[in-house]
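Only one structure is covered here, and it is reproduced in the block below.
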Amino acid sequence: MQVKDILEKHGRSPDKLIGAMLAYQRTTPCNYLTEDDIREFAKETGLPESRIHSVASFYSLLSTKPRGRYIIQVCRDVPCYVNGSLDIVEELERMLKTTMGNTTDDGLFTLEFTSCLGCCDKAPAMQIGDELYGNLTSSRLAEIIKEYRRKRHE
Amino acid sequence: MSEITYRLLTKNFNETDPLSIDDYISRGGYSSLKTALAMNELTVINEIKESGLKGRGGAAFPTGLKMEAVRLAEGEPKYLVCNADEGEPGNFKDRYLMENDPHQIIEGMLISAYATGIRFGYLFIRGEYAKSQETMAVAIEQARSRGFLGDNILDKGFDFDIEIYTGAGSYVCGEEFALLVTIEGKSGRATYKPPFPTTMGLYDKPTQINNVETFCNIPHIIGMGGKSFAEIGTESSKGTKLVCLSGNIKKPGLYEVPFGVTIRQIMQDLGKGIPNNRKIKMVQLGGASGPVIPETMLDIPLDFNEMRKKGLAFGSGAVIVMDERIDVLDVLKRIVEFFHHESCGKCTPCREGLTQLLILLDRFIEGNASVRDLNLMTILMDTMSDSSICGLGQSAPTAVRKVLEYFPEEFESRINDRAVV
Numbered sequence: 000m001q002v003k004d005i006l007e008k009h010g011r012s013p014d015k016l017i018g019a020m021l022a023y024q025r026t027t028p029c030n031y032l033t034e035d036d037i038r039e040f041a042k043e044t045g046l047p048e049s050r051i052h053s054v055a056s057f058y059s060l061l062s063t064k065p066r067g068r069y070i071i072q073v074c075r076d077v078p079c080y081v082n083g084s085l086d087i088v089e090e091l092e093r094m095l096k097t098t099m100g101n102t103t104d105d106g107l108f109t110l111e112f113t114s115c116l117g118c119c120d121k122a123p124a125m126q127i128g129d130e131l132y133g134n135l136t137s138s139r140l141a142e143i144i145k146e147y148r149r150k151r152h153e
Numbered sequence: 000m001s002e003i004t005y006r007l008l009t010k011n012f013n014e015t016d017p018l019s020i021d022d023y024i025s026r027g028g029y030s031s032l033k034t035a036l037a038m039n040e041l042t043v044i045n046e047i048k049e050s051g052l053k054g055r056g057g058a059a060f061p062t063g064l065k066m067e068a069v070r071l072a073e074g075e076p077k078y079l080v081c082n083a084d085e086g087e088p089g090n091f092k093d094r095y096l097m098e099n100d101p102h103q104i105i106e107g108m109l110i111s112a113y114a115t116g117i118r119f120g121y122l123f124i125r126g127e128y129a130k131s132q133e134t135m136a137v138a139i140e141q142a143r144s145r146g147f148l149g150d151n152i153l154d155k156g157f158d159f160d161i162e163i164y165t166g167a168g169s170y171v172c173g174e175e176f177a178l179l180v181t182i183e184g185k186s187g188r189a190t191y192k193p194p195f196p197t198t199m200g201l202y203d204k205p206t207q208i209n210n211v212e213t214f215c216n217i218p219h220i221i222g223m224g225g226k227s228f229a230e231i232g233t234e235s236s237k238g239t240k241l242v243c244l245s246g247n248i249k250k251p252g253l254y255e256v257p258f259g260v261t262i263r264q265i266m267q268d269l270g271k272g273i274p275n276n277r278k279i280k281m282v283q284l285g286g287a288s289g290p291v292i293p294e295t296m297l298d299i300p301l302d303f304n305e306m307r308k309k310g311l312a313f314g315s316g317a318v319i320v321m322d323e324r325i326d327v328l329d330v331l332k333r334i335v336e337f338f339h340h341e342s343c344g345k346c347t348p349c350r351e352g353l354t355q356l357l358i359l360l361d362r363f364i365e366g367n368a369s370v371r372d373l374n375l376m377t378i379l380m381d382t383m384s385d386s387s388i389c390g391l392g393q394s395a396p397t398a399v400r401k402v403l404e405y406f407p408e409e410f411e412s413r414i415n416d417r418a419v420v
């Protein structure tokens, strides 16, 4: 999908900008905004390129670096931490053979830390895309990852 | 459920289908809106004032006064904003309110808008809350189709509509000005106050901005009357509070209690204590920006004044329990790293202060700190609290400060007398 089409759908007023950028990013294969995309948004909205770049680099749900198809975000805050979130991180890194902040070789998963997901009563928690997963254990992690790997072939 | 709970805002939880407007109406929903629309606008504001309701987002500003200020402010159009950018670590009450009883929020926003003379509102939901966004979108559409939103609501000549605005992942956007500039399509950075949003908010127009939980109280106040509402709770703190209990606790979860119950009651009666009979090390109130207290202070009641007297606050209602296994400085480092990541970077005391605070904390953790570092840290934290633009930088050092006050040995025991000063 083109930047232009997204803006047609969302509207071109400034209050629609961030929503449009998020929606556009979702359609890209590597979950990020390229420099060309940013230029395109500037051209289409008439806003300065610096302003678009400032928005793209400020918010953690927007990325200016390529990422995997599924982004696994593990909560790093205290309620999850005291319930063993670092063990979950270790387990994920081992299972996916990559480290936090990086993407698997097959481009399927990116591992990220996130600020509190508002799921502290089910700590430790993580989110993949729009799906929230709480009360994580290593066996549950294995199931979840298997499910996403299977999904790829659908 | 124990008797220390009080179901007002959560009365429909697990009793109704959140996606059914008929369920909401069958349990008295939207009847407060009808009551309000039959009243004079100023009478509605007076009921809110009489109820003693204070903002539930953490700042505890009297809601009725805020509404009155917006009503009196000059400038059109005025805006209503519901702050559902819940991001304070340890808090999940707004998510529960949106996903379990979405119409309660809409009704609260409607009554507020009627009283303050506002015709348009944004519901700002954080980007990470996908299910909340979906639930609220369905509820808003239902309310429109039943004539609760739109033009000439209930044939009373009152127009109001709500648009959902989705955040893009930023804690500082919970701060009201950062939230408002985000809606304007900019990167969310805080601004000096005054002017406050009540006179100069969204697009520089008078804006009423309140937390989700605050709006949820409004239909109940109109339904039972401000006076009856004020009978719940304590002298300084009226009504109920949603408490988000998490950490090392047997039964974490969301609990609604009247003001006045103690932190110990919440942990013991509702949370059922610490797993495996471990001892409590400390409890953090409010979230990452809140104070930590030792076990000996757990009998403090949930009450704005009692807390303030002891230099404490419970913010938006998180209670994070940490047992004896934790390393206190390690936890502090997590908290400071959180603020370091979320600082918008606009003002120096916050941006650079957090960087320096992390360096100092590391010195203690690595055993390379001197007595001078302890003094330096105190001066640094005072500077941050005194001169940061917004609440983020001002409150970021709270936990470190409280550890110095209640657990000084955690720092003192790690001072290396031979460290190079």
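Line by line, the protein sequences give chains A and B. Okay, so the first sequence: first residue is 0 according to numbering that gives the first Met the number 0, each after it adds one. Okay, so the second sequence: first residue is 0 according to numbering that gives the first Met the number 0, each after it adds one. Ideal Cβ positions, reconstructed from N, Cα and C, are used throughout, including at glycine. Just so you know, these numbers come straight off a predicted model, no measurement behind them.
Under the three-state reduction of DSSP, P251 of chain B is assigned to coil, being neither helix nor strand. The beta carbon of Y78 of chain B lies closer than 8 Å to those of I117, F119, G120, Y121, G200, L201, Y202, K204, P205, T206, Q207 in the same chain, with the five residues before and after it left out. Residue-level contact check: L311 of chain B does not touch chain A, since none of the beta carbons of chain A fall below 8 Å from its beta carbon. Look at L21 of chain A: its C-beta is under 8 Å from a C-beta on chain B. The beta strand (DSSP E) runs lying completely inside the stretch 20-85 of chain B and spanning 3 residues or more are 78-83, given in chain order. Under the Cβ criterion (8 Å, minimum of three pairs), the stretch 87-98 of chain A does not count as touching the stretch 19-35 of chain A. Residue contact check for C243 of chain B against chain A: a CB pair falls below 8 Å. Of all residues in the stretch 16-44 of chain A, the ones placed with a Cβ closer than 9 Å to any Cβ belonging to chain B are L16, I17, G18, M20, L21, T44, in chain order.
Under the three-state reduction of DSSP output, L91 of chain A falls in the helix class. By the 16-neighbour rule on beta-carbons within 10 angstroms, H152 of chain A is exposed. Listed in chain order, the beta strand (DSSP E) runs fully inside the stretch 109-183 of chain B are 119-124, 149-152, 157-165, counting runs of at least 3 residues. Contact between G27 of chain B and H102 of chain B is absent: CB atoms are separated by about 11 Å, not below the 8 Å threshold.
Here DSSP, grouped into helix, strand and coil, assigns L311 of chain B to coil. Closer than 8 Å to the CB of K185 of chain B there is at least one CB belonging to chain A.
Not a single CB atom of chain A sits nearer than 8 Å to the CB of L8 of chain B. Rounded to the nearest whole angstrom, the C-alpha separation of Q267 of chain B and L148 of chain B is 43 Å. Sequence-ordered contacts of the stretch 329-340 of chain B with chain A read D329, V330, R333, I334, E336, F337, H340 [C-beta pairs closer than 9 Å]. Where V77 of chain A is concerned, there is no enclosing beta strand (DSSP E), although the alpha helix (DSSP H) around it starts and stops at 77-80. A residue is called buried when at least 16 other Cβ atoms come within 10 angstroms of its Cβ; T62 of chain B meets this threshold and is buried. One finds A167 in chain B with Cβ atoms closer than 7 Å to the Cβ of L61 of chain A, taken in chain order.
In the three-state DSSP reduction, K240 of chain B falls in the strand class (E or B).
Within chain A, the residues G117 have their CB atoms less than 7 Å from the CB of E85 of chain B, given in chain order. The stretch 39-55 of chain B and the stretch 225-245 of chain B touch, with no fewer than 3 CB-CB distances between them shorter than 8 Å. Contact annotation: in the stretch 361-385 of chain B, no residue has its CB less than 7 Å from a CB in chain A. Between the C-alpha atoms of F91 of chain B and I414 of chain B there is a straight-line separation of about 38 Å. Listed in chain order, the non-local C-beta contacts of R145 of chain B below 7 Å within the same chain comprise I20, local neighbours out to five positions each way being set aside. By the Cβ criterion, the stretch 252-272 of chain B is in contact with the stretch 286-304 of chain B, since at least three pairs of Cβ atoms, one from each stretch, lie closer than 8 Å. Checking the DSSP bridge columns, you'll see P300 of chain B partnered with B:T261.
D120 of chain A and V88 of chain A have their alpha carbons spaced roughly 19 Å apart.
Among the residues of the stretch 126-137 of chain A, those with a Cβ less than 9 Å away from any Cβ of chain B are Q126, G128, D129, E130, L131, in the order of the chain.
If you draw a straight line from the Cα of H339 of chain B to the Cα of L391 of chain B, it is about 10 Å long. According to DSSP, residue pairing for S245 of chain B in a beta bridge involves B:I319.
For D14 of chain A against I182 of chain B, the beta-carbon gap comes to about 5 Å, under 8 Å, which counts as contact. Beta-carbon to beta-carbon, E90 of chain A and S137 of chain A are separated by about 5 Å, close enough to satisfy the 8 Å threshold. Chain-order list of chain B residues neighbouring P65 of chain A: empty, with the shortest C-beta distance near 18 Å, by a criterion of under 8 Å. Legend: CB atoms of the stretch 263-289 of chain B lying less than 9 Å from CB atoms of chain A belong to residues Q283, G286, A287.
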